[in-house]
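S.K.: Have a look at this one.
Numbering (the UniProt record's numbering), first residue to last: 1 to 347.
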């Protein structure tokens, strides 16, 4: 989607329906939270208008896309920004045909002369490829060639979570910037700013829960805040955060723990059935189980069994990512944990 189309789509959306992640997206790089080193390095590019190819990587929700959009708006201004920026989500459009058609078509066109506040704009366009680590290797190889051919008139910014999934010939052509996970202080400050702007009160316990659930992902935090605001008008509580986030409550985690220690397979089947009926995502259960497994004094497992269970958690997480059946994975995981507990008791 081009910047023009994105802007028109937002403009046509009633203010009350605009997602808060868009409503409160940073407009300038100075508004980006907790990425001081990255912002300091980019300021000179904004001032000079000289921008290299860029590679932004780091955890989700740390401001990678927001930063490059803010950079583009500051370099090009609101009018030329709509003409000169092409934003694509590579996870949806990751094949080689996209590079050959959309990317190459946009990259090959030249731009006319324009000024912003009496200053001549740089003679290039910008292509933003979000989730570039989802692109196939063939598509990345084709993109490398396109970057070489049209460097004079086009700059590229690759945005990804895992820099290791970007092929080296492509990564080596970019200036790399690592985005750090947001600190609790930065996360809390931004959430409170949004809450104040929306006239919401948020309890301290609710804020702690939101911090814990979001794991430094600002996009997730703001989205949960918006969803939670629908439960209790004007007030954000622990209950509204937990309900919105789909976090398994403590009583469910207690039941899993008790089932594993019961060494009764029928109890295990019943527990798995109840968890499935409640509709909790297995990924959420895994995160809560991992937290409890590693918490001091919470686990009945010695370190050797903890290590084995952590390995199994990794296998289950990978299987889910690959599209495996969640019900089977849940039952297999609970069975494995029960087996490990039996080994501990027998030792």
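A virtual CB, placed ideally from N, CA and C, is assigned to each residue, including glycine.
If contacts are defined as beta-carbon pairs under 8 Å, then residue 200 and residue 241 qualify, I think. What distance do you get, rounded to the angstrom?
M.R.: Here residue 200 is actually not in contact with residue 241; their C-beta atoms are around 12 Å apart, not less than 8 Å.
S.K.: Excluding five sequence neighbours on each side, which residues of the same chain lie with their C-beta closer than 8 Å to the C-beta of residue 271?
M.R.: 255, 256, 259 and 334
S.K.: Cutting at 8 Å between CB atoms, please list the residues of its own chain near residue 35, excluding the five before and the five after it.
M.R.: 62, 63, 67, 179 and 180
S.K.: Once DSSP output is grouped into helix, strand and coil, what is the label at residue 344?
M.R.: Note: residue 344 maps to helix in three-state DSSP.
S.K.: Around the C-beta of residue 147, are 16 or more other C-beta atoms found within 10 angstroms, so that it is buried, or is it exposed?
M.R.: buried
S.K.: Hey, quick one: how far does the beta strand (DSSP E) through residue 127 stretch, first residue to last?
M.R.: 125-130
S.K.: Comparing C-alpha positions only, which one of 55, 136, 88 and 225 sits nearest to residue 160?
M.R.: 55
S.K.: Measure from the alpha carbon of residue 330 to the alpha carbon of each residue in 302, 282, 288 and 60, then state which is nearest.
M.R.: Nearest C-alpha to residue 330 among 302, 282, 288 and 60: 282.
S.K.: The beta strand (DSSP E) with residue 81 in it runs from where to where?
M.R.: Here residue 81 belongs to no beta strand (DSSP E); instead the alpha helix (DSSP H) covers 64-84.
S.K.: Give a yes or no on whether the C-beta atoms belonging to residue 46 and residue 87 are separated by under 8 Å.
M.R.: The answer is no: Cβ separation not under 8 Å.
S.K.: Mapping the DSSP letters down to three states, classify residue 174 as helix, strand or coil.
M.R.: coil
S.K.: Taking the beta carbon of residue 344 as the centre, do at least 16 other beta carbons fall within 10 Å, making it buried, or is it exposed?
M.R.: exposed
S.K.: Cβ atoms of residue 144 and residue 173: under 8 Å apart, would you say?
M.R.: yes
S.K.: So residue 292 is in the alpha helix (DSSP H); what residue range does that whole segment cover?
M.R.: 282-294
S.K.: If you draw a straight line from the C-alpha of residue 2 to the C-alpha of residue 106, how long is it?
M.R.: Reliability fails at residue 2, whose pLDDT of 48 lies under 50, so the model's placement of it is uncertain and the value that follows must be treated cautiously. Approximately 10 Å between the Cα atoms of the pair.
S.K.: State the DSSP-derived secondary structure class of residue 2, mapped to helix, strand or coil.
M.R.: With a pLDDT of only 48 at residue 2, under the threshold of 50, the placement of this residue in the model should not be trusted; the figure read from the coordinates follows. Residue 2 falls in the strand class under three-state DSSP.
S.K.: Can you say whether residue 133 is buried or exposed, counting buried as having 16 or more other CB atoms within 10 angstroms of its CB?
M.R.: It is buried - the Cβ of residue 133 has at least 16 other Cβ atoms within 10 Å.
S.K.: Can you tell me where the alpha helix (DSSP H) holding residue 252 begins and where it ends?
M.R.: First-last of the alpha helix (DSSP H) with residue 252: 250-262.
S.K.: Using a Cβ-Cβ cutoff of less than 6 Å, which residues in the same chain neighbour residue 176 once the five nearest sequence positions on both sides are dropped?
M.R.: 55
S.K.: For residue 154, which residues does DSSP report across the bridge?
M.R.: 125
S.K.: Is the segment 37-46 touching the segment 163-173 in the sense that three or more CB pairs, one from each, lie closer than 8 Å?
M.R.: The segment 163-173 and the segment 37-46 do not touch, with fewer than 3 CB-CB distances between them shorter than 8 Å.
S.K.: Identify the residues that DSSP records as bridge partners of residue 160: which are they?
M.R.: Beta-bridge partners assigned by DSSP to residue 160: 57.
S.K.: Grab the span of the alpha helix (DSSP H) containing residue 42 for me, first residue to last.
M.R.: 36-48
S.K.: Please list, in chain order, all residues of the same chain as residue 38 whose beta carbon is under 6 Å from its beta carbon, the five residues on each side excluded.
M.R.: Around residue 38: 177.
S.K.: Is the segment 304-311 close to the segment 335-342, with three or more CB pairs under 8 Å?
M.R.: With a cut-off of 8 Å, the segment 335-342 and the segment 304-311 count as touching, because enough Cβ pairs lie within range.
S.K.: Assign residue 156 to one of two classes, buried (16 or more other C-beta atoms within 10 Å of its C-beta) or exposed (fewer than that).
M.R.: buried
S.K.: Smallest Cα separation from residue 22: which of 51, 53 and 69?
M.R.: 69
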